Every structure is written in C-alpha cells, then in structure tokens.
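Step one of this worksheet: look at the structure below.
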Amino acid sequence: MPTKKIQSKPQKSSAKRQSARPSRGSKTNTAPANRPGLSSILFTTLLLLVVTAIGVLFYFHSKQPPAQRPTVLEDEKYYFADSRYAGIRSKFVTRDTKHEKVSIEYPITSNSKINKLIARVIDRADGDFRHTATNAPTFDRPMTETISYQVTHNNSVALSIIVNIKQDMHGAHPVSLTHFWTFDKKSGEVIDLDNLTEKSEEAIKAIVTAARHDVAQTIRQRQQPEANLDEMITKEALSNFTITDDGNTLAWPIGQASLLPSAYGELTIKVPTAAVAKYLQNPTARKLANIPKPPEPKPKPAPAAPPAANSGGKVIALTFDDGPGPYTAQLLDILDQHSAKATFFLIGSKVSAQADVLRRMHARGHQLGNHSWSHPELPKLPVDQIAGEIDRTNDAIKQATGVKPTVMRPPYGAVNGVVLEQLRLRGMSSILWSVDTRDWADRNSDIVCSRAVAGARPGAIILMHDIHQTSVGAVPCILNALKQQGYSFVTVQGLLGNMAAGAGYP
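Using my numbering, the first residue of the sequence shown is number 161, and each one after it goes up by one.
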C-alpha cells in the first residue's frame, strides 16, 4: 500500500525508466545512473577556481599598505568656510558610512607650503584610519574619527598651530594624537628649538630642564607615579613647539601615549619665556615671542686687595669662557697686537681637537683655567661627578700643554661648599667675575664693548666668551678704549697673586 501511494504513474521496467530520462539521444545515455555528467564536473571545477582566485586576491589586498588618500573620495562631502582665526579659512570634509563616521577640518592659510605640510599629516592619519575601518569586521556601530585644528599664536611673523586627531577604532583605548608646529609665515618653514635658541646648547638645556620640571609638577598634582623624565623629555621630543597667544609661554601639547605612558593621559608642557629669558636674548626669539630682558647684573666688587692693583697700576683681567672655539686663534692674534694677556677657562671636551691653540695660549703667556668637561651645574651633581668634571678637564689641558690648571670658573657661576671642597683637594681656586658683558645675550660687538668699558675699574675681572664672533670682534674696541684710560691687561694670576686653595674670588 505505501509503495502504490508513492508512485504516481505505473512504469514498465527500470531499463525503460533510464532510457526515458534524457531529453536527447546520446552515448551518455548508457552511463550508470550515479555518474555525474561532464558539464557538472566543468561547472564545479570552474566554481572552485573562481572562489580560490577571489580568496587569493583578498589575501594580498589585505596585506597591502593603505593606498595614498585621493584628493576627494567617492563617499565624501566637503565645503569651505571662514575660520575664527584671522587670515585662515577651513576646509571641512565628512564621511558617513556603515564602516566610518568622519569629520575633518583642514586649515587653509595664505602660505601653500604650510597648508601642504599640514594636509600631508592629516591625510596620512586619515588614510590609515580608513584602511582599518574598511578592512575590519563589521561592528554594530561605525568607527569614528575627528580631526580639528587650533591656532595658539598668529602675528605678522609666526603661526603656531595644533592638529588634534581623535580616532575610535573599537580598541582598548581611543587614539588621541597631536601634531604641532610654529611656522615662519613668510617662508612657510617650521621654526624649531634650534632656530629659537640659535643652536645655543646652554639655552636648549635650560628649556629642556624647565620642561621636565613642569611635567614633574603636573605628575605630582595628579598624584601619578614618577616617570623617567630624563629619557622622555629630551631636546628631540621638544624640537617642535607652540607659542601662546600673548607670547609669554612656550607650550608642547602632548597627546595620550605620545610621550609619556598612556596612563598619564594628555598634558600640555608649559615653559614661561620669563623663566628662560636669559637664554633667549637673540633676534629670532625676540621676533617670535615676548622675551623680557633680564635685569642688568649688579657689578660684583673687585678683590679687596689685588697685588697688581695695590702696586699703583690700573690693571684688568680679561677672561674668556667656553672655548676653545672657532674664533680663539683670531683672538690670540688680537691680544698679541696689543701686548695684552688674558685667562681662558676651557671646556675639557673641546681641548683635544684644538690642542695646538692651547699650546699657543701657553706659549704667549696667557693663563689656562678649567671650565668643566661638559658645562653642567656642578652643585646639582653627585660628588663623584663633580670630581670627574674637574679631573677630566685638568688632565686634557695638561696633556695638551704640560700645565695643570690652578683656577676654575664653575659653569654658570654656580658654586657651593661641595664644589669648593673638591677644588681645595686639588689645590685650585674658584674664579667668578665682576663685570658681565652679557655677550652671550646681545651678539653685538658695540654693545659688548660699551658694557666692558663702562664696568671697568682697577682690579676688575671681565667676563666674555670666545665662542662668539661678536665677542672676539669687540676685543679691539675694549683694549683701545681702556688703554687710553691707562689700563693694562693681565692674567687672573697676575691680578690676584697667590690664591688660597678652595677659596672663591672675587
């Protein structure tokens, strides 16, 4: 009974059923019933080849780096509008798809070089984001990206601008990046720390130190763990900077995990220009920011009873720090022409490269003094490092000339009991100055000469630096003016006579 219900029509034989199945006569009609046809095999093979090819193409495509972002993407909308900053327009770009939700604002200044640099940075970040968004698994919400900019300083000379990049790619933490620059508005070139300081190592060190102090203070206020700021806050990390609108502060807006570990979050490093004004007395810095002039130093009294001064003569000691430098040989020629003697406080690390200049100093009767190996603030160092700075320099000078220094001028004039004790152990004295020409600040020979002559008096010790051409250029003017007043020029030893070990003069 069940069999009859399944069959709808009576059939005479299985052979007849097989012969009736094909629509056309063919040799294949005699093949067994369970063997597939040739067309079926070809179709299956072709399908496998297509699937394999698609898989291979997808694999290699996923391995390729993001393509360069085209100027306008198919799913983009854009428009232009005036920004809130004088002389700057904005280009707004948006994308809103199932993969991504994007909002970008490009700054458009009057300088195409500035615009291209900033656009390259933005496009690179956006290209990487888009590659990730379009190749990632589908989420229940799109990945988001917002790129905006902020102008912090905008005058006739310079433009400081910050680009903020926020990206949420559904990772553990959203991405927070900043790029920032200060530009010369005329040339379009980036102004970096070297430009700001005119490559003054002393100035760069002062700015880096102040930046580390600011970060350390911020970390303490946030009650976060201490960080190794000496490794993180470096000249290279601070190369680009911004200036605040009032010109009173140098600033570095740091994105999360850009400089410090992610747990420290975002922060802005700030260094008031007043705190480093002493080191930024140059034309470039003055044009860029508000750099207050440091107060004129009060002349330090000359030694109470210098032997040469007490002998009735008007004598002065010219002293030169931070050499030997590229202009030291020229200075020696000038001193020879005027039959003048001087004292040179030398940086130990520079000695070997100009050993012949040191030998010439010694042969001409000038005094050679110690100015440390690497120009640190000695009171801030451990005792063993203080000793190393002194000894390495003494050894270098002795190797070059055969003479070991008996005097030292501590860098920055920074000295304390620990430093004096180290000098006493070596039979040395500390020599400061009574007239500061401030030649490191004003690179102008006429100004340097005027200050030296105005501060001169019997027994004075005049501070200059033979690493600056303008300082060396001021020496003939100083010598001529003071010789007309009856002065002669001697070494520190000739001025002070025998000095007590471990004592400070003046």
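Note that CB positions come from ideal geometry on N, CA and C, so glycine has one too. Keep in mind it's a predicted model, so treat the numbers as computed, not measured.
For the alpha helix (DSSP H) assignment, the uninterrupted runs of no fewer than 4 residues enclosed by the segment 569 to 636 are, from N- to C-terminal side, 577 to 585, 605 to 615. Here the C-alpha atom of I627 lies approximately 25 angstroms from the C-alpha atom of V475.
Residue pairing for F299: DSSP places it in no beta bridge. In the three-state reduction of the DSSP assignment, D405 falls in the coil class, being assigned neither a helical nor a strand state. In the DSSP assignment, P267 forms a beta bridge with S250. With at least 16 other beta carbons inside 10 angstroms of its own, P413 counts as buried. The beta-bridge partner set that DSSP reports for R255 consists of E236, V262. Going by beta carbons, K326 and I307 fall inside the 9 angstroms limit. In this structure, DSSP gives L506 an extended state, which the three-state scheme calls strand. Exposure of P421 is indicated by the presence of fewer than 16 other C-beta atoms within 10 angstroms of its C-beta. Between G654 and Q582, the alpha-carbon positions lie close to 24 angstroms from each other. The beta carbon of N604 lies closer than 8 angstroms to those of T630 in the same chain, with the five residues before and after it left out. According to the DSSP assignment, Q527 belongs to the beta strand (DSSP E) that extends over 527 to 530. Per the C-alpha coordinates, the member of T292, V613, I282 positioned closest to L478 is V613. In chain order, L538, V578, V579, Q582 place their CB closer than 8 angstroms to the CB of I546, counting only its own chain and leaving out the 5 sequence neighbours on each side.
Collapsing the DSSP output to three states places G662 in coil. Here the alpha carbon of L389 sits roughly 42 angstroms from the alpha carbon of T651. When Cβ pairs closer than 8 angstroms are counted between the two stretches, the segment 498 to 507 is seen to touch the segment 518 to 529, the count reaching three or more. The Cβ-Cβ distance between M624 and D481 falls below 9 angstroms. The segment 392 to 403 and the segment 312 to 324 touch, with three or more beta-carbon pairs separated by less than 8 angstroms. Beta-bridge pairing by DSSP links I321 to V311, W341. Excluding the 5 residues flanking it on each side, A246 has same chain C-beta neighbours closer than 8 angstroms at N314, in chain order. Bounds of any alpha helix (DSSP H) do not take in T479; it lies within the beta strand (DSSP E) bounded by 474 to 483. Ranking A376, D256, A437 by CA distance to the CA of I393 puts A376 first.
Across the structure, A489 and T409 are spaced so that their CA atoms are roughly 40 angstroms apart. Counting along the chain, I367 sits inside the alpha helix (DSSP H) bounded by residues 361 to 381. Boundaries for K395: no alpha helix (DSSP H) harbours it, and the DSSP string shows neither H nor E there. Taking all protein chains shown into account, Q383 has fewer than 16 neighbouring C-beta atoms within 10 Å of its C-beta and is therefore exposed.
Counted as a single uninterrupted DSSP element, the beta strand (DSSP E) harbouring P432 occupies residues 427 to 432.
Nearest to T257 by C-alpha distance, out of S250, R284, R290, is R290. Judged by DSSP secondary structure, D551 falls within the alpha helix (DSSP H) whose first and last residues are 543 to 561.
In the same chain as R584, and ignoring 5 residues on each side of it, the C-beta atoms closer than 7 angstroms to its own belong to A661, G662, in chain order. In this structure, the alpha-carbon of R617 lies about 12 angstroms from that of K643. A contact is defined here as three or more CB-CB pairs under 8 angstroms, and the segment 429 to 436 fails this definition with respect to the segment 326 to 343.
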